[in-house]
Amino acid sequence: MNIKPLYDRVVIKRMEEEKMSAGGIVIPDSATEKPIKGEVVAVGEGKVLDNGNVRAPKVKAGDKVLFGKYSGTEVKLDGTEYLVVKEDDIFAVLG
61 MNIKPLYDRV VIKRMEEEKM SAGGIVIPDS ATEKPIKGEV VAVGEGKVLD
111 NGNVRAPKVK AGDKVLFGKY SGTEVKLDGT EYLVVKEDDI FAVLG
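Going letter by letter, the sequence shown gives residues 61 to 155 in the numbering used here.
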């Protein structure tokens, strides 16, 4: 896959959701929510500020991130689902 997001957009591949609860109960697919964690696949050049300067992105490809539950647009490329979000929709980078 070769994708290059524009400006402050970030392409994320969602991490697999948990199939078992902490107590050991198996959660069926119909009851699971889409995960809010993922891995950054591609990053744009950055956000254009009002003065014309470009602010470099804070995330990079390979980072594990948390993002908003209803953020972004889902796209399917080469049979794989990705999420395209603005960098502002990313809450944290996981260490």
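Don't be surprised by glycine CBs; every beta carbon is placed ideally from N, CA and C.
> What three-state label does DSSP hand Glu147 in the structure shown?
Replying inline: helix
> Can you find at least 3 beta carbon pairs, one from the segment 132-139 and one from the segment 96-111, that sit closer than 8 Å?
Replying inline: no
> Does the beta-carbon of Glu147 have 16 or more other beta-carbons within 10 angstroms, so that it is buried, or is it exposed?
Replying inline: buried
> Roughly how many angstroms separate the alpha carbons of Lys120 and Val71, rounded to a whole number?
Replying inline: 10 Å
> Helix, strand or coil: how does DSSP classify Leu66 here?
Replying inline: coil
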